[in-house]
Amino acid sequence: MKKQFLALAVLATMGVGAYSQATDTIAKVKASGEITMGVRDSSGALSYTLGDGKYAGYHVEICQRIIANLEKVVGKKVAVKYLSVTSQNRIPLVQNGTVDIECGSTTNNATRQKDVAFALTTFVEEVRMAVKATSGITSITQLNGKSVATTTGTTSVQMLRKNQRANGIDFKEVFGKDHAESFLLLESGRADAFVMDGSILAGNIANAKNPADFKIVGEVLSVEPIAIMMRKGDPAFKKLADDTIREMAKSGEIAKLYDKWFMQAIPPKNTKVGLAASASIKAAWATPNDKPMEDYAKK
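Each residue of the sequence shown is one higher than the last, beginning at 702 in this note's numbering.
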């Protein structure tokens, strides 16, 4: 009995230790020498694939700055593992410890804050819709009887349905597994509109075969703070991330980084997204905060 009790006690202690390290990212990285960054394949200039396991974008580069400061804390070079995530699995993968820092295009809202933590807001999104330039569609009031594409696991079509201008409008939802597939639904004519974050729409249009064939139109459906995501209950790692972002905003580095990814030609096709920083984005840099989307809706 004593041996059984001792074995159980050892296992319990090991379990607590494993759980503690899982929620302490700095300790986990120090012990393993590596960090897993969640990235997106087609989240516009925020996070996208270059192929061959390489990723780039505004949020990817901000996360690289955070990891550089993390290396100073742990006192050694850290190996970065890139893991492609989707709108559906990104939150569970952060929660279960598979992903340590998610550097994509995730909206910070009150519901998600119950499950994960968000760093200071680095981008503020306006949700709109992309259509074919020849479609004649300029407003959500023209979507009656149309097919509207969106990406599984996102909130964009929910925002569309809640918009007062959508009252009495009956449209069919078609889903892409990721943003590239959703854009393909529009490009191939299987959808009449693609409702999503403006930056993602602009990024996919910029990389289309014929960018002039598409345009972003219609009302702003919602204004959403987009932020880098990490595990909940890990204040030390969140502080490190927040301090990095705060310093980047103060020095002007974050504005230069934005210009690099949204206003200059970017790889792999050397095309420009051409999305100037909005007043909401500049306000987030001027007064750094991690307020959820609901606080923006109160304005």
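Glycine is no exception: its CB is placed at the ideal position from the N, C-alpha and C atoms.
Excluding sequence positions up to five before and after F963, its CB lies within less than 6 Å of the CB of A746, V974 and L976, all in the same chain and listed in chain order.
Buried is the label assigned to D935, since at least 16 other Cβ atoms lie within 10 Å of its Cβ. In terms of Cβ geometry, S743 and N905 form a close pair [threshold 8 Å]. Between the region 942-953 and the region 776-795, the count of Cβ pairs shorter than 8 Å is below three; the stretches do not touch.
The beta-carbon distance between V795 and M931, rounded to whole angstroms, is 7 Å. This is short enough to meet the 8 Å contact definition. Ranked by Cα distance from V921, the first of A850, L821, G899 and P912 is G899. V825 and K729 have their C-alpha atoms roughly 31 Å apart. When the beta-carbon positions are compared, R866 and T842 come within less than 8 Å of each other.
Between D991 and A928, the gap from beta carbon to beta carbon is short of 8 Å. Of the candidates G798, A984, T812 and V832, V832 places its Cα closest to the Cα of A903. Just so you know, the alpha carbons of K970 and I736 end up roughly 29 Å apart. Taking 8 Å as the cut-off, the Cβ atoms of G919 and R829 count as close. For D898, the beta-bridge partners assigned by DSSP are V828. Contiguous beta strand (DSSP E) elements confined to the region 831-861 occur at 848-852, taking only those with 3 or more residues. In this structure G739 is buried. Its beta-carbon is surrounded by 16 or more other beta-carbon atoms within 10 angstroms. Beta bridge pairing from DSSP links Y783 with M738.
M994 and T808 do touch by the CB rule: their CB atoms are close to 6 Å apart, below 8 Å.
For R791, the enclosing alpha helix (DSSP H) covers residues R791 to Q796. For A892, the number of other beta carbons within 10 angstroms of its own is at least 16, and it is reported as buried. Taking every protein chain shown into account, the CB of N797 has fewer than 16 other CB atoms within 10 angstroms, so this residue is exposed. Burial of D801 is indicated by the presence of at least 16 other C-beta atoms within 10 angstroms of its C-beta.
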